[in-house]
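2 protein chains.
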Amino acid sequence: MANIRDVAQKAGVSVATVSRYLNNKGYISEEAKRVISAAVEELNYRPSLVARSLNTKQAMFIGLIVPDIVNPFFPELARAIEDVALEYDYTVVLCNSDEKIEKEIHYLNTLQQKYVAGFIVAASHAETSHYTDLNVPIVAIDRRIHPSIPLVATDNREGARIGTEHLLANGCRKILCMKGPSGLGPADDRLMGFMDAVEGKDIEIEVVESPFQFDASESIARTILQQQSIDGIFASSDVSAAGAMKAAYSLGISVPDQLQIVGYDGTMLAGQLTPSLTTVAQDLYQIGALASRMLIKLIEGKELEEREIQIQAELIIRGTTRSGA
Amino acid sequence: MANIRDVAQKAGVSVATVSRYLNNKGYISEEAKRVISAAVEELNYRPSLVARSLNTKQAMFIGLIVPDIVNPFFPELARAIEDVALEYDYTVVLCNSDEKIEKEIHYLNTLQQKYVAGFIVAASHAETSHYTDLNVPIVAIDRRIHPSIPLVATDNREGARIGTEHLLANGCRKILCMKGPSGLGPADDRLMGFMDAVEGKDIEIEVVESPFQFDASESIARTILQQQSIDGIFASSDVSAAGAMKAAYSLGISVPDQLQIVGYDGTMLAGQLTPSLTTVAQDLYQIGALASRMLIKLIEGKELEEREIQIQAELIIRGTTRSGA
DNA sequence: ATACAATGTGGTACCGGTTACACATAATAT
DNA sequence: ATATTATGTGTAACCGGTACCACATTGTAT
Numbered sequence: 001m002a003n004i005r006d007v008a009q010k011a012g013v014s015v016a017t018v019s020r021y022l023n024n025k026g027y028i029s030e031e032a033k034r035v036i037s038a039a040v041e042e043l044n045y046r047p048s049l050v051a052r053s054l055n056t057k058q059a060m061f062i063g064l065i066v067p068d069i070v071n072p073f074f075p076e077l078a079r080a081i082e083d084v085a086l087e088y089d090y091t092v093v094l095c096n097s098d099e100k101i102e103k104e105i106h107y108l109n110t111l112q113q114k115y116v117a118g119f120i121v122a123a124s125h126a127e128t129s130h131y132t133d134l135n136v137p138i139v140a141i142d143r144r145i146h147p148s149i150p151l152v153a154t155d156n157r158e159g160a161r162i163g164t165e166h167l168l169a170n171g172c173r174k175i176l177c178m179k180g181p182s183g184l185g186p187a188d189d190r191l192m193g194f195m196d197a198v199e200g201k202d203i204e205i206e207v208v209e210s211p212f213q214f215d216a217s218e219s220i221a222r223t224i225l226q227q228q229s230i231d232g233i234f235a236s237s238d239v240s241a242a243g244a245m246k247a248a249y250s251l252g253i254s255v256p257d258q259l260q261i262v263g264y265d266g267t268m269l270a271g272q273l274t275p276s277l278t279t280v281a282q283d284l285y286q287i288g289a290l291a292s293r294m295l296i297k298l299i300e301g302k303e304l305e306e307r308e309i310q311i312q313a314e315l316i317i318r319g320t321t322r323s324g325a
Numbered sequence: 326m327a328n329i330r331d332v333a334q335k336a337g338v339s340v341a342t343v344s345r346y347l348n349n350k351g352y353i354s355e356e357a358k359r360v361i362s363a364a365v366e367e368l369n370y371r372p373s374l375v376a377r378s379l380n381t382k383q384a385m386f387i388g389l390i391v392p393d394i395v396n397p398f399f400p401e402l403a404r405a406i407e408d409v410a411l412e413y414d415y416t417v418v419l420c421n422s423d424e425k426i427e428k429e430i431h432y433l434n435t436l437q438q439k440y441v442a443g444f445i446v447a448a449s450h451a452e453t454s455h456y457t458d459l460n461v462p463i464v465a466i467d468r469r470i471h472p473s474i475p476l477v478a479t480d481n482r483e484g485a486r487i488g489t490e491h492l493l494a495n496g497c498r499k500i501l502c503m504k505g506p507s508g509l510g511p512a513d514d515r516l517m518g519f520m521d522a523v524e525g526k527d528i529e530i531e532v533v534e535s536p537f538q539f540d541a542s543e544s545i546a547r548t549i550l551q552q553q554s555i556d557g558i559f560a561s562s563d564v565s566a567a568g569a570m571k572a573a574y575s576l577g578i579s580v581p582d583q584l585q586i587v588g589y590d591g592t593m594l595a596g597q598l599t600p601s602l603t604t605v606a607q608d609l610y611q612i613g614a615l616a617s618r619m620l621i622k623l624i625e626g627k628e629l630e631e632r633e634i635q636i637q638a639e640l641i642i643r644g645t646t647r648s649g650a
């Protein structure tokens, strides 16, 4: 593989001139451009990005830390981030944290040793000091890490309110709220939104905590559906809603006739279920894309107009509630 | 940030000794180890992996090229690859190709400029010259790229045969095969397996090509279900099967009573559908893990015992066929 | 005519590691 | 006693770029 000195020699100029040509900075004559371009072509020269990074102390990639890419919430986010990164010639490193603090720290360290340009993180901890004293730009998605760290997320409280109102409007009178893990910002916010909607109304409610996992959600829902006559479920994630649908099915409870269900997130999964799931959709692609653009701005040293972006959640009415098809 | 010279100075030794210590190669006295270790500790020194890569011409990461991480087939694969990579201190770069040859080439080039250690690729093309003359190790998953490139995949023909036999055993007499895009190795193999199973039997069949996408699959299935009295569907992917389930539901055809459906892949999606989908499962995690281990062997210059690994596919009987729950 | 900017180019130190080579000493073999 | 090997360490070139600085030349303002 040819290096910059080979190119300089072949073109009959100095390496400094070649470097200027490659980076399009400083003065270069048209003549020099021509000979260098020809030499680059002839040698099929590609600059070593590693050597470049050693100087600039910045490699053209960004670290994406998510709990688990298998959770259908994250692939869409990852996809959007990758699309924007590609546009700016960045490359995305995928890191699964399993919500374990040691894994987060491991990746933070390792990637910094590789001169990563920045991080996008869907964190999961109250313990955040390892994020706040980083010397690399970072953007949080979905969950707030710390007031000092820019965030892109949806208005979870409002979204949950809208979703719950929909159940109410459809006549539900005994509603189960499957809230997410407590301590997790969005889960708490969604619970608040749920409460906002039911408060002061003549509605029976039941709240249960359920992880963002299918199997656990199914069994939790099954237990409750067996004991009580629930006519509406507001689930804090599509995965939990899917678990609830399965539980209802296995108990012979028909959806949406006897039981109406609203999910949250607007993942692909929601649309692929049968009947398809009414859900409070977050525009996951947009969240990812905005976070990515934000991070790149920070990397480039630009100022952010807004440090926190709230996306509106939108109710998508489908087959698990009665006003849907 | 401290560098190796700082450490050497603080420890009162040369940089060569520090380097030997860090890489655990060559002779180092216990005394030297102690003082260096102390200096490293005190300065909180982390070696620059970029500087290291510039020498070794190899960065500790591997490129993963998939058509689209949003397709539920790939996250599980990616997860497995990442887990194994982590074990060996590699880091995974996620690349979505959208099945476009230019994007594949772009990533191949860019990552080589970054001294990527190797690639794992779920390719999608007949055109493969850009893969074969790479000077970096590469392993194919799911789809064969070229006889010269190691492969980890399942026995698609056999898997499809087993899946189809199951429909036959359950009494289906008019079966629709939703095959994948032609030209794609696994899709063709699965069609062959389907034919193997129905050949010579008194069965009516119908074959239609359908992409691995939910919406398209749904509308294709709906059209055919409206026109013909199908009692069994063998779909070449879980996503297509999910589309077919939705189509049946919207036409008022009950699954599995009037129509039985078998999917393929064994993705999480299959288990989360209602009723849950009988599917020919590939052990996606294992495919990913094996491919990852294989690639790392190649990177380390070791010989492979086998250049092609076939995983057996396994039928998981669930709710969309009658012998299931 | 003189000063000063704009344009263009080259030499070389530097980023932070690795490693070939030289060299010294201690232990073992002949 | 001498040759040989094992152990331990340092010097400096090198990986392949970037960028500071010096230096020329040409154009323009005073």
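For the record, the sequence lines run as chains W and Y. Taking my numbering, the leading residue of the first sequence gets 1, the next gets one more, and so forth. Taking my numbering, the leading residue of the second sequence gets 326, the next gets one more, and so forth. Glycine included, every Cβ here is placed at the ideal spot set by N, Cα and C. These figures come from a predicted structure and were not determined experimentally.
Check whether residue i and residue j have beta carbons under 8 Å apart
i	j	result
residue 15 (chain W)	residue 65 (chain W)	no
residue 443 (chain Y)	residue 483 (chain Y)	no
residue 621 (chain Y)	residue 584 (chain Y)	no
residue 449 (chain Y)	residue 424 (chain Y)	yes
residue 472 (chain Y)	residue 464 (chain Y)	no
residue 39 (chain W)	residue 419 (chain Y)	no
residue 466 (chain Y)	residue 613 (chain Y)	yes
residue 280 (chain W)	residue 313 (chain W)	yes
residue 239 (chain W)	residue 214 (chain W)	yes
residue 642 (chain Y)	residue 607 (chain Y)	no
residue 428 (chain Y)	residue 274 (chain W)	no
Euclidean distance between Cα positions of residue i and residue j
i	j	result
residue 134 (chain W)	residue 430 (chain Y)	34 Å
residue 3 (chain W)	residue 303 (chain W)	36 Å
residue 513 (chain Y)	residue 544 (chain Y)	22 Å
residue 209 (chain W)	residue 331 (chain Y)	52 Å
residue 324 (chain W)	residue 278 (chain W)	Residue confidence for residue 324 (chain W) is low, a pLDDT of 49 falling below 50, so the modelled location carries little weight; the figure read from the coordinates is stated next. If I take the Cα positions, the gap works out to 8 Å.
residue 634 (chain Y)	residue 609 (chain Y)	13 Å
residue 567 (chain Y)	residue 73 (chain W)	18 Å
residue 195 (chain W)	residue 161 (chain W)	8 Å
residue 480 (chain Y)	residue 490 (chain Y)	16 Å
residue 45 (chain W)	residue 592 (chain Y)	43 Å
residue 53 (chain W)	residue 374 (chain Y)	11 Å
residue 36 (chain W)	residue 152 (chain W)	44 Å
residue 356 (chain Y)	residue 366 (chain Y)	15 Å
residue 290 (chain W)	residue 58 (chain W)	22 Å
residue 206 (chain W)	residue 174 (chain W)	8 Å
residue 452 (chain Y)	residue 494 (chain Y)	40 Å
residue 226 (chain W)	residue 630 (chain Y)	54 Å
residue 9 (chain W)	residue 326 (chain Y)	35 Å
residue 204 (chain W)	residue 172 (chain W)	9 Å
residue 307 (chain W)	residue 299 (chain W)	14 Å
residue 358 (chain Y)	residue 372 (chain Y)	16 Å
Inter-residue CB distance, residue i and residue j (contact presumed, cutoff 8 Å)
i	j	result
residue 646 (chain Y)	residue 587 (chain Y)	6 Å
residue 75 (chain W)	residue 400 (chain Y)	5 Å
residue 542 (chain Y)	residue 405 (chain Y)	That pair is no contact at about 26 Å.
residue 96 (chain W)	residue 407 (chain Y)	6 Å
residue 488 (chain Y)	residue 589 (chain Y)	6 Å
residue 186 (chain W)	residue 143 (chain W)	6 Å
residue 269 (chain W)	residue 597 (chain Y)	7 Å
TODO: With 9 Å as the limit, tell me which residues of the stretch 566-596 of chain Y have their beta carbon closer than that to any beta carbon of chain W; keep them in chain order.
DONE: 567, 568, 570, 571, 573, 574, 575, 580, 593, 594 and 596
- [ ] Give a yes or no on contact between the stretch 405-414 of chain Y and the stretch 423-441 of chain Y, applying the rule of three or more CB pairs nearer than 8 Å.
- [x] no
Open item on the list: Whether or not the stretch 243-255 of chain W and the stretch 89-103 of chain W are in contact is what I'm after, with contact meaning three or more pairs of Cβ atoms, one per stretch, closer than 8 Å; do they touch?
Closed with: With a cut-off of 8 Å, the stretch 243-255 of chain W and the stretch 89-103 of chain W do not count as touching, because too few Cβ pairs lie within range.
Open item on the list: Using 8 Å as the cut-off, can you tell me whether the stretch 492-505 of chain Y makes contact with the stretch 556-569 of chain Y, which would need three or more C-beta pairs spanning the two stretches below that distance?
Closed with: Yes: the two stretches touch, three or more of their Cβ pairs being nearer than 8 Å.
Open item on the list: Taking beta-carbon pairs under 9 Å, can you tell me which members of the stretch 468-495 of chain Y lie near chain W?
Closed with: none
Open item on the list: Along the stretch 103-115 of chain W, where does the CB come closer than 9 Å to a CB of chain Y? Name the residues.
Closed with: Among the residues of the stretch 103-115 of chain W, those with a Cβ less than 9 Å away from any Cβ of chain Y are 103, 106, 107, 109, 110, 111, 112, 113, 114 and 115, in the order of the chain.
Task: Residues in the stretch 81-95 of chain W having any Cβ partner in chain Y nearer than 7 Å - done: 82, 91, 92, 93 and 94
TODO: Note down, in chain order, all residues in the stretch 276-287 of chain W with a beta-carbon under 9 Å from any beta-carbon belonging to chain Y.
DONE: Answer in chain order: 276.
TODO: Could you name the residues of the stretch 363-379 of chain Y whose beta carbon sits closer than 8 Å to any beta carbon of chain W, in the order they occur along the chain?
DONE: 371, 372, 373, 374, 375, 376, 378 and 379
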